[in-house]
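Engineer: If you number the sequence shown the way this note's numbering does, the last residue is 178 and the count never jumps.
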Amino acid sequence: MKFAVWGMVLLLIILHHDVWNWENGSLILGFIPVTLAYHGAISFASAFIWWLATKFAWPLGVDDDDAAEPTSSGAH
Numbered sequence: 103m104k105f106a107v108w109g110m111v112l113l114l115i116i117l118h119h120d121v122w123n124w125e126n127g128s129l130i131l132g133f134i135p136v137t138l139a140y141h142g143a144i145s146f147a148s149a150f151i152w153w154l155a156t157k158f159a160w161p162l163g164v165d166d167d168d169a170a171e172p173t174s175s176g177a178h
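1. Can you name the start and end residues of the alpha helix (DSSP H) that M110 belongs to?
2. Can you tell me the Cα-Cα spacing of N126 and S145, whole angstroms?
3. Quick one: what's L129 bridged to in DSSP?
4. By how many angstroms is the C-alpha of W152 removed from the C-alpha of D120?
5. Would you check if the distance between the CB atom of L114 and the CB atom of S148 is smaller than 8 Å?
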């Protein structure tokens, strides 16, 4: 799953550069330009992929809180 998440991130990077929509003047729902709607969809997709990354590709042990444990220095 880790490689699938990285693949989706790379796909988002490629899809983010939407040079084919810049000349499109049509509106979605009568007031949202196509380019703005496209970037809104990319934003929601990136949030979902980030959730997948934290759920399935996050390395184990990174979020362990070792700093909360007291250490003994030997000197009292």
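Virtual Cβ for every residue (Gly too), placed ideally from N, Cα, C. Computed from a predicted model, the values in this text were never measured in an experiment.
Structural biologist: Result, derived from the coordinates:
1. K104 to H118
2. 20 Å
3. P135
4. 21 Å
5. yes
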